[in-house]
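Trainee: Numbering (the numbering used here) for the sequence shown: 8 to 179.
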Amino acid sequence: MNYMKRIFSNQVIQLRQIIIAAFIFNTVEVFAQSGSFKMTTSLDTVLLGNYLEVRLKAENVQGRLEEPSFNGFRVISGPSTFSSTTIINGEMSSTSSYTYLIKPTEAGEYILGPVSLKTNDGVLKTEAKKIIVVPNPENIIQNPDAGQEPSFDVLVKPSHKKPAPTKKTYRL
Numbered sequence: 008m009n010y011m012k013r014i015f016s017n018q019v020i021q022l023r024q025i026i027i028a029a030f031i032f033n034t035v036e037v038f039a040q041s042g043s044f045k046m047t048t049s050l051d052t053v054l055l056g057n058y059l060e061v062r063l064k065a066e067n068v069q070g071r072l073e074e075p076s077f078n079g080f081r082v083i084s085g086p087s088t089f090s091s092t093t094i095i096n097g098e099m100s101s102t103s104s105y106t107y108l109i110k111p112t113e114a115g116e117y118i119l120g121p122v123s124l125k126t127n128d129g130v131l132k133t134e135a136k137k138i139i140v141v142p143n144p145e146n147i148i149q150n151p152d153a154g155q156e157p158s159f160d161v162l163v164k165p166s167h168k169k170p171a172p173t174k175k176t177y178r179l
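1) Quick one: Cα of LEU131 to Cα of SER101, how far?
2) On the DSSP bridge assignment, give the partners of SER191 in chain order.
3) Are the Cβ atoms of GLY85 and LYS125 separated by less than 7 Å?
4) Starting from the C-beta of VAL37, find all residues in its chain whose C-beta is less than 7 Å away, skip the five residues before and the five after it, and write them out in chain order.
5) Quick check on this structure: which residue in LYS64, ILE118, PRO111 has the alpha carbon closest to the alpha carbon of LYS137?
6) Within 10 angstroms of its Cβ, does SER158 collect 16 or more other Cβ (buried), or is it exposed?
7) Only counting the same chain, and skipping five residues up and downstream in sequence, which positions put a Cβ closer than 6 Å to that of PHE89?
8) Can you check DSSP and say which residues form a bridge with GLU66?
9) Identify whether GLU74 lies in helix, strand or coil by the three-state DSSP scheme.
10) On the criterion of 16 or more Cβ atoms from any shown chain inside 10 Å, does ALA135 qualify as buried, or is it exposed?
11) For ASN57, which residues in the same chain have their Cβ closer than 6 Å to its Cβ, ignoring the five residues on either side in sequence?
12) So is GLU73 buried or exposed if we call it buried at 16+ other beta carbons inside 10 Å?
13) I'd like to know whether the C-beta atoms of VAL141 and MET46 end up nearer to each other than 7 Å.
14) Can you find the residues in the same chain that come closer than 6 Å, C-beta to C-beta, to ILE83, ignoring five residues on each side of it along the sequence?
15) Give me the residue from THR92, GLU60, PHE80, ASN146 with the minimum Cα distance to THR112.
16) Grab me the residues of PRO75's own chain with a C-beta within less than 8 Å of its C-beta, minus the 5 sequence neighbours each way, in chain order.
17) Which residue from ILE95, PHE44, ASP51 puts its Cα closest to that of ILE139?
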């Protein structure tokens, strides 16, 4: 009987070693995924007096963001940060984003220079982004993202009020 216990015990130990090795292999594979760091803007052309959103997005990489320089723009808000980590079927991915709202100070053509993210493996940089600021004599208000109104909109336009939610009652 002791002989059977030893065999069973050895099999359990081998199974544990296999599980630990598989976990370590999957973890190494996840961290070996290549990371990316990109800059996007809500508008490429903006009317003077309006603002635009600049989003810096890091995928599968951790690091320290170097404060971007927005020459020709005034920072209204930012950085607003968001991060998430997901594990699906044993594969891990992470995303961090930094969002700025900026407003141009004068009409003209501007280049938002590359932004750097310092990581343990080196420095990642975004590509530069060209923004055209057009005079706005009629004070037209642009929505920086036509598909979705940013929550910051109320602070920029205090007279703008959101409609009160309506209640609906259903009888069964």
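Each residue gets a CB set at the ideal place from its N, CA and C atoms; glycine is no exception.
Mentor: The answer reads as follows:
1) Within the sequence shown, numbered from 1, the residue matching residue 131 stands at position 124. Within the sequence shown, numbered from 1, the residue matching residue 101 stands at position 94. Roughly 16 Å separates the two Cα atoms.
2) Lying before the first or after the last residue shown, residue 191 is absent from the chain, which here runs from 8 to 179.
3) Residue mapping note: residue 85 aligns to position 78 of the sequence shown, counting from 1. Residue mapping note: residue 125 aligns to position 118 of the sequence shown, counting from 1. Their beta carbons are not under 7 Å apart, which means GLY85 does not touch LYS125 by this criterion.
4) Stepping through the sequence shown from its first residue, residue 37 is reached at position 30. Confidence is the limiting factor: at VAL37 the pLDDT is only 42, short of 50, which leaves the residue's position unreliable and the question unanswerable from this model.
5) Counted from its first residue, the sequence shown places residue 137 at position 130. Of the listed residues, the one whose Cα sits closest to LYS137 is ILE118.
6) Here residue 158 corresponds to residue number 151 of the sequence shown, with the count starting at 1. Confidence at SER158 is low in this model, with a pLDDT of 46, below 50, so its placement is unreliable and the value that follows should be read with caution. The residue in question, SER158, is exposed, as its Cβ has fewer than 16 Cβ neighbours within 10 Å.
7) The sequence position of residue 89 within the sequence shown is 82, counting from 1. Apart from sequence neighbours up to five positions away, the residues of its chain that approach PHE89 with a beta-carbon distance below 6 Å are SER104, ordered along the chain.
8) The sequence position of residue 66 within the sequence shown is 59, counting from 1. For GLU66, which the question treats as bridged, DSSP gives the partners SER43, THR102.
9) Stepping through the sequence shown from its first residue, residue 74 is reached at position 67. Coil, per DSSP.
10) If you number the sequence shown from 1, residue 135 lands on position 128. With fewer than 16 Cβ atoms within 10 Å of its Cβ, ALA135 is classed as exposed.
11) Looking up residue 57 in the sequence shown gives position 50. Once the five neighbours on either side are set aside, the close Cβ partners of ASN57 are GLN149.
12) Position 66 of the sequence shown holds residue 73. Answer is exposed; the Cβ neighbour count stays below 16.
13) The residue labelled residue 141 in the question sits at position 134 within the sequence shown. The residue labelled residue 46 in the question sits at position 39 within the sequence shown. Cβ distance not < 7 Å, so VAL141 and MET46 don't count as in contact.
14) Start at 1 with the first residue of the sequence shown, and residue 83 comes out as number 76. Result list for ILE83: TYR58, LEU108, LYS110, in chain order.
15) Taking the first residue of the sequence shown as 1, we reach residue 112 at position 105. For THR112, the nearest C-alpha among the options comes from PHE80.
16) Numbered from its first residue, the sequence shown carries residue 75 at position 68. If we look at PRO75 and ignore the five residues flanking it on each side, its Cβ neighbours are VAL61, LEU63, TYR107, LEU119, GLY120, VAL122.
17) As a working note, residue 139 is residue 132 in the sequence shown. Considering only alpha carbons, the answer is ASP51.
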